[in-house]
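FYI, the UniProt record's numbering numbers position 16 of the sequence shown as 16, with every residue one higher than the one before it.
Note that beta-carbon positions come from the ideal geometry of N, C-alpha and C, so glycine has one too.
This report concerns only the one structure given below.
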Amino acid sequence: MLLLSVPFYDFPSSPILIIGAIGIVIALAVFFLAYKKYFNSPFNKELQLKKKALLKEKLELNKKLEKIEQDLKNL
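This is the structure:
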C-alpha cells in the first residue's frame, strides 16, 4: 500500500503579509462601524420616511380608537 504524504506548510511570517492582514481587519472594522452609524443616523432618509409613515399611522389609529371609544359611550 502506497502512503501519500500530505504537505504541511509553515505560515509565512513576511511583514507585508502581516501588514496586509492588519489592513484587512481594520477595513472590515471601519465598514462595520460606518454601516452601524449610518443606519442609526438621524440623517438617514429611509429612517426619516419610515418614522413619518409610522407617526401618520399612529395618528390614524388614535383617531379610530377615539371614535370607537365614543361609540361605546353612546351605547
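- Secondary structure of D10 (DSSP, three-state): coil.
- Rounded to whole angstroms, the separation of the alpha carbons of L28 and I18 is 16 Å.
- Across the structure, F39 and A53 are spaced so that their CA atoms are roughly 17 Å apart.
- Residue state for N74 is assigned as helix, using DSSP reduced to three classes.
- Secondary structure at F43: coil, using DSSP grouped into helix, strand and coil.
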